[in-house]
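Novice: Let me give you the structure first, and then I'll get to my questions.
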Amino acid sequence: MAKTADDQFVNCIPLPAMASSVPTARMHTRALMAKWHLTHVVDDAELIVSEIVTNAIRATNIIPSQARYTELYDRMEVVCLYLYLLTPELVIEVWDPKREPPRRHDATLDDEGGRGLFLVESLSQRWGIRWPPTGGKIVWAGLALGAT
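Just so you know, we're using the numbering used here here: the sequence shown kicks off at 388 and counts up by one.
Right under this line is the structure:
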């Protein structure tokens, strides 16, 4: 856990850009919300994290599910999940190395996917994209904490 002099509620976790990192990100978020006494927003936070991390992983070079070690070693990308407790909101950020912004899709009832940004938009009080000078992009969402 990263700590600054002003804010002890900052967390960053790098994750391999693999589908198996999504459950890890959800579990990490759930544990952190318990530690920060934010269990009243854990479900919404976990869903937002899941959707943004999934989009970030899809934006990177996807590793085949049966990858050989050399493929993992040569092609592994990383995404980073940041969580900030900045009362009155929880800020969720996910960095990935690609500059292309995520696109919102209008999913039909039969579609298996395509609702991620709609869910992020619905659950957060605000969200957006920024491009850090070091490269890649950060997709972020602010989740209102409300009453504890």
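Glycine included, every Cβ here is placed at the ideal spot set by N, Cα and C.
(1) Given Glu438, which residues of its chain have a CB within under 6 Å of its CB, disregarding the five upstream and five downstream residues?
(2) Keeping to the same chain, check which residues put their C-beta closer than 8 Å to that of Lys422; ignore five residues upstream and five downstream.
(3) Roughly how many angstroms lie between the CA atoms of Thr416 and Lys485, to the nearest whole one?
(4) Going by DSSP, which residues form a beta bridge with Arg517?
(5) For a test of your reading of the model: does the CB of Leu504 fall under 8 Å from any non-hydrogen atom of the ligand NAP? Yes or no.
(6) Do Glu476 and Gly529 come within 9 Å of each other at the CB atom, strictly closer than that value?
(7) Would you list, in sequence order, the uninterrupted beta strand (DSSP E) runs of no fewer than 3 residues that lie entirely inside the region 411-487?
(8) Taking the beta strand (DSSP E) that Leu402 falls in, what are its first and last residues?
Specialist: With the given structure in hand:
(1) The residue given as residue 438 occupies position 51 in the sequence shown. Closer than 6 Å at Cβ, skipping near neighbours: Gly503, Leu506 and Val507.
(2) Here residue 422 refers to the residue found at position 35 of the sequence shown. For Lys422, where only same-chain residues beyond five positions count, there are no Cβ hits under 8 Å.
(3) For the purposes of this step, residue 416 is identified with residue 29 of the sequence shown, where counting begins at 1. For the purposes of this step, residue 485 is identified with residue 98 of the sequence shown, where counting begins at 1. If you take the alpha carbons of Thr416 and Lys485, they lie about 23 Å apart.
(4) As a working note, residue 517 is residue 130 in the sequence shown. In DSSP, Arg517 forms a bridge with Ile525.
(5) Ligands are entirely absent from the displayed structure, and the ligand NAP is therefore not among its contents.
(6) The count along the sequence shown starts at 1 and reaches residue 529 at position 142. The count along the sequence shown starts at 1 and reaches residue 476 at position 89. A contact, by the Cβ cut-off of 9 Å.
(7) 465-473 and 476-483
(8) By 1-based counting over the sequence shown, the position of residue 402 is 15. Note, Leu402: beta strand (DSSP E), Val397 to Pro403.
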